[in-house]
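Student: Residue numbers for the sequence shown follow my numbering, beginning at 111 and rising by one. Positions of the beta carbon are idealized from the N, C-alpha and C atoms, including for glycine.
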Amino acid sequence: DEAQCRVTLARWRWPEGFTCPKCGGRSHCVLAHRHLYQCNACRRQTSLTAGTIFNSTKAPLTTWFRAMYLITQTKQGISSIELGRRLGTTQTTAWKIKTKLAEVMRLDNDRTPLEGRIEMDDAYLGGKRSGGKTGRGSPGKRPIVVAVQSADGKPARLKVRRIARFKRKRVKSLTKRIVAPGAFVVTDGLACFRGVADAGCEHHPIATGASRHGADHPSFHWLNTILANIKTAIVATYKAVRKKHLVRTLAEFEWRFNNRENLAAMIPLLASAAARSRPAPYWHLKMADYGA
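1) Looking only at DSSP bridge pairs, what is Arg271 linked to?
2) Assign Glu112 to buried or exposed, taking buried as 16 or more other Cβ atoms, counted over all protein chains shown, within 10 Å of its Cβ.
3) Alpha carbon to alpha carbon, how far is Ala266 from Ala142?
4) For the alpha helix (DSSP H) that contains Pro378, what are its first and last residues?
5) Ignore the nearest five residues each way along the sequence and tell me which others in Leu379's own chain have a CB closer than 7 Å to its CB.
6) Over what stretch of residues does the alpha helix (DSSP H) that includes Gln186 continue unbroken?
7) Looking at the unbroken beta strand (DSSP E) that takes in Asp298, where does it start and where does it end?
8) My output table needs one value for Pro328: the three-state DSSP class, helix, strand or coil.
9) Quick check on DSSP: helix, strand or coil for Lys405?
10) At the level of alpha carbons, what is the spacing between Glu192 and His327?
11) Run the CB neighbour count on Asp231, radius 10 Å, all protein chains shown included, and call it buried at 16 or more, exposed below.
12) Under 8 Å between the Cβ atoms of Arg271 and Val255?
13) Using a Cβ-Cβ cutoff of less than 7 Å, which residues in the same chain neighbour Glu364 once the five nearest sequence positions on both sides are dropped?
14) Are the beta-carbon atoms of Ala169 and Thr209 separated by less than 8 Å?
15) Note down the Cα distance separating Ala390 from Ala204, rounded to an integer number of angstroms.
16) Bridge partners for Leu146 per DSSP, in chain order?
17) Can you give me the C-alpha to C-alpha distance between Gly305 and Leu217, rounded to a whole angstrom?
18) For Arg227, tell me which candidate among Gly134, Phe175, Ala293, Ser190 has the shortest Cα-Cα distance.
19) Would you grab the beta carbon distance between Ala381 and Leu119 for me? Rounded to a whole angstrom, and I think it's under 8 Å.
20) Can you give me the C-alpha to C-alpha distance between Leu395 and Ser137, rounded to a whole angstrom?
21) Using C-beta distances below 7 Å, list every residue in its chain close to Leu197, excluding the 5 sequence neighbours before and after it, in chain order.
22) What first and last residue would you give for the beta strand (DSSP E) that runs through Ile163?
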C-alpha cells in the first residue's frame, strides 16, 4: 500500500536516516498529516519525493512501484500504451512515468565505465527508405556505438550510445566516457576507431572486409548478437523511435541487460537510483537530446 511504499522509499533515499538538505541535520520530526519531514535545527520542511525523480508527481507511489516492476521484468521493454493499460492510467501519465524512469536508467548507466576486454562496433538503427542514398549517410538512419565487456567468453556488461557522426574525435570523446583507461578494445578496421587509442585504451583493430560475411567475424559474435536483440526489441515494442527519444530507449535496454542476472534485485536498484536522481520536468523529457 501507499504507506509501505513511503517507508521503503525513505529507506532508499536516506539509508543512514533522514538528513536535512539545508543544514545537514539528522534530528527531525515527521508531520504525519502532511507527510513532511521537519528538521529540528533549522525547521526546514522536506517532502519525501522533493528533489528526486518523483518530484511533483500526482500519481501514487504504488503506481510508480508497479511501473518499475513492469518495466524491469520485461526483456524487450513495454510501450507507454500497454503500460497505461496495466497501470489503469492514461497513456500520457504512463509515458511520463516510463520516460522519467528511463532517465534514471540513463544516469545510472553512466556511473561505471567498461573495463577489461571490450568489443566495440558501429551500427545504424532505422528502416529502409525508397530512393535516396544507400549505405552510410542514408536518410532515416541513426548511428550508434555498441560496446560489450566480456568475461570468461560471455558478455558481462553493455554500453550503447548514439553518436552524431563516425569521426575520430567523436569516438575519442565517447570512449573516454564509457571505457576505463587501459582497457583492451577490439574493433573493426573503420578509421574513426583510431580515436580509441587516443582515449588511452589499448586498441586492437581487425580488418573484417566490407562484405556481409565480415560482420560474422568470431571476435564480434556477442556484439552482433546483442545488436540484433536491440533491433528486435525496438521493432517489437515501439515500431519506431524518434531521434530525441532514442538515447533513453537504448538506456532502458542497456540497464536491463547489465542487471539481468538478478531480476528480483532490479526494483530496489532502480528505486534507489530514482531516489538519488534529480527531478526531470516534462520540458526536459520532451526536449533533451544527448549526442556524442
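Tutor: By the coordinates alone:
1) Arg271 is bridged to Val255.
2) Flag for Glu112 reads exposed.
3) Cα to Cα, Ala266 sits roughly 45 Å from Ala142.
4) Pro378 -> alpha helix (DSSP H) spans 376–386.
5) Cβ within range, chain order: Asn369.
6) Looking at the DSSP string, Gln186 is not in any alpha helix (DSSP H), and its letter there is neither H nor E.
7) Counting along the chain, the beta strand (DSSP E) containing Asp298 begins and ends at 294–298.
8) In this structure, Pro328 counts as helix in the three-state DSSP scheme.
9) The requested residue 405 is not part of the displayed model; the chain covers only 111 to 402.
10) When rounded, the separation of the alpha-carbon atoms in Glu192 and His327 is 38 Å.
11) So Asp231 ends up on the buried side.
12) Arg271 places its beta carbon less than 8 Å from that of Val255.
13) Its chain contains Asn219, Leu268, Lys269, Val270 as the residues whose beta carbon lies nearer than 7 Å to that of Glu364, once the 5 sequence neighbours on both sides are disregarded; these appear in chain order.
14) In this structure, Thr209 does not lie closer than 8 Å to Ala169 by Cβ.
15) Rounded to the nearest angstrom, the two C-alpha atoms are 15 Å apart.
16) DSSP output for Leu146 lists Leu141, Ser157 as bridge partner(s).
17) Answer to the nearest angstrom: the Cα atoms are 24 Å apart.
18) Measuring from the Cα of Arg227, the nearest candidate turns out to be Ala293.
19) Their Cβ separation, rounded to whole angstroms, is 7 Å, which keeps Ala381 and Leu119 in contact under 8 Å.
20) Distance between the alpha carbons of Leu395 and Ser137: 36 Å.
21) A distance below 7 Å between beta-carbons, with the five flanking residues on each side excluded, links Leu197 to the following residues of its chain, in chain order: Thr173, Arg176, Ala177, Ala204.
22) For Ile163, there is no enclosing beta strand (DSSP E), as DSSP marks it with neither H nor E.
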